[in-house]
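S.K.: Residue numbers (our numbering), protein chains in the order written: chain A, 16 to 218; chain B, 16 to 218. The beta carbon of each residue, even a glycine, is placed where N, CA and C say it ideally should be.
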DNA sequence: CAGGTTGTGGTGCGATCGAACCATAACATC
DNA sequence: GATGTTATGGTTCGATCGCACCACAACCTG
């Protein structure tokens, strides 16, 4: 029954199978046969939609990235009409933490790809921009906060932004490994934010 | 020419081959044949010294851990006779950063193993204690620092210790991915330490 | 309704995988 | 110096790998 399939949905279905396998056994377990079985399609279909295995890994990562950005925007939009800088920065940092199954599995997939980012230029290009962009975003928000009196003036916005992002990323690892609970990570972020902001979460 | 080989050295030689391959292509590339070739021994020897592939991965990780602890102790010992809390905490945090090739490749190996820690209990047991221990160590040092006037009294030692460790781990990732220089990471750690300590590095 | 494109399944091939097996040389012990 | 253990190399087996190839059904275009 060809021709009626939704290309994008098909690709997503396959990509999700890649993610699930990657979160379990790492990229090692992402074989064409296993992906096909996990996605419930024939192995031939993977070739049709993605081509070689490397292209499959790349494609699945791209879809994951698009997903991440969209979900992040949705969550930030739910903060309400005119959220304070505090709430926005908090929301941005929370995107780095595995606070729900979606974010947890997403960060696990990134972890599975990690070493590949160093040797595979095609993969690296896809995943290398986000962290820096996030850091700059937070730094910009902190500067805005300083101008509007929501952030203490005697802090170095760029340095604090970078360390907040780094701290969130570090806790991402420990939460993924279940060495720390998501709640603890949230509490620690809030503790650090309280040091930088003059306002509270909801302000 | 049997019987004259040093068992431990042999195991280390093989383990180092595992590390090199893992830092390049991830665990995916750590096949018995490739490890044998990289270590310059026959495939049969891997079986003799480690057994199955899973046991090889486990063994290589254990050796890496032992190595890490020993090197860390050596570096901390080089701080001198009676180093201040500031210098000690700084040194401990620096063990988390890829400041030289040894630490860089070590953390890359951990990254390659990462997803496995979640599904393989044997591996998890080997690598799960270190982070918490480090956090407690730093927290203890900060408390000592408070008692001796080297650390500000109005900070939460446990919370700051945890966030310092998390921040170092987060920067570990970005330095590994070459998104940040090792020097920048050091500067950012120092910036945070300056906020907590009343003393300077050398004090 | 004919012809070409698109979507799908199945199958096969050469390479490589992990692991078991077999042989044997060097040493330790008596 | 005979014997058993330790250390090493080489080879082979069944399974699985990525991927190319083949067949064909369904749809679009004319």
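With 7 Å as the C-beta to C-beta threshold (strictly closer), list the residues of the segment 137 to 159 of chain A near chain B in chain order.
M.R.: 143, 146, 147
S.K.: Whole-angstrom Cβ separation of residue 167(A) and residue 107(A), contact assumed at under 8 Å?
M.R.: So it is not a contact: roughly 19 Å between Cβ atoms.
S.K.: Please list the residues of the segment 187 to 199 of chain B that have a C-beta atom closer than 9 Å to any C-beta atom in chain A, keeping them in chain order.
M.R.: 187, 188, 189, 191, 192, 193, 194, 195, 199
S.K.: Give the residues from the segment 75 to 109 of chain A that approach chain B closer than 9 Å (Cβ to any Cβ), ordered along the chain.
M.R.: none
S.K.: Going along the chain, which residues of its own chain have a beta-carbon closer than 8 Å to the beta-carbon of residue 204(A), five neighbours each way excluded?
M.R.: 105, 108, 109, 112, 179, 182, 183, 186
S.K.: Buried or exposed: where does residue 85(B) fall if 16 or more other Cβ atoms within 10 Å of its Cβ makes it buried?
M.R.: exposed
S.K.: Could you have a look at residue 45(B) and say whether DSSP puts it in helix, strand or coil?
M.R.: coil
S.K.: CB-CB under 6 Å to residue 172(B), same chain, minus the five flanking residues each way: which ones, in chain order?
M.R.: 154, 157, 158
S.K.: Counting contacts by CB-CB distance shorter than 8 Å, is residue 73(A) in contact with chain B?
M.R.: no
S.K.: Please report the Cβ distance between residue 138(A) and residue 73(A), rounded to the nearest whole angstrom; I am assuming they are in contact, meaning their Cβ atoms lie under 8 Å.
M.R.: 6 Å
S.K.: Is there a Cβ of chain B sitting closer than 8 Å to that of residue 17(A), yes or no?
M.R.: Any reading at residue 17(A) must be qualified, since the residue scores a pLDDT of 40, below 50, and its modelled position is unreliable; no value is offered.
S.K.: Kindly say whether residue 215(B), judged by its beta-carbon, lies nearer than 8 Å to any beta-carbon of chain A.
M.R.: no
S.K.: Is residue 212(B) close to chain A? Criterion is C-beta to C-beta, closer than 8 Å.
M.R.: No, residue 212(B) does not count as interfacial toward chain A.
S.K.: Go through the segment 96 to 164 of chain A residue by residue and report every complete run of the alpha helix (DSSP H) that reaches 4 residues or more, in order.
M.R.: 100 to 109, 116 to 134, 136 to 142, 144 to 162
S.K.: Would you call the segment 56 to 73 of chain A in contact with the segment 82 to 102 of chain A, where contact means no fewer than 3 C-beta pairs closer than 8 Å?
M.R.: no
S.K.: Measuring alpha carbon to alpha carbon, tell me which residue in 124(A), 200(A), 149(A), 210(A) is nearest residue 77(A).
M.R.: For the options 124(A), 200(A), 149(A), 210(A), the alpha carbon positioned closest to that of residue 77(A) is the one of 124(A).
S.K.: Nearest by alpha-carbon distance to residue 133(B): which of 162(A), 194(A), 175(A), 58(A) is it?
M.R.: Closest by C-alpha distance to residue 133(B), out of 162(A), 194(A), 175(A), 58(A), is 194(A).
S.K.: Measure the C-alpha to C-alpha separation of residue 94(B) and residue 214(B) and round it to an integer number of angstroms.
M.R.: 16 Å
S.K.: Using the beta-carbon count (16 or more within 10 Å), is residue 122(B) buried or exposed?
M.R.: With 16 or more other Cβ atoms from the protein chains shown falling within 10 Å of its own Cβ, residue 122(B) counts as buried.
S.K.: Using only the alpha-carbon positions, how far apart do residue 190(B) and residue 198(B) sit?
M.R.: Whole-angstrom Cα-Cα distance: 9 Å.
S.K.: From residue 209(B) to residue 216(B), what distance separates their C-alpha atoms?
M.R.: For residue 209(B) and residue 216(B), the distance between alpha carbons rounds to 9 Å.
S.K.: Restricting to Cα atoms, I'd like to know which of 34(B), 22(B), 21(B) is closest to residue 116(B).
M.R.: 34(B)
S.K.: Do you know how far the Cα of residue 23(B) is from the Cα of residue 149(A)?
M.R.: 46 Å
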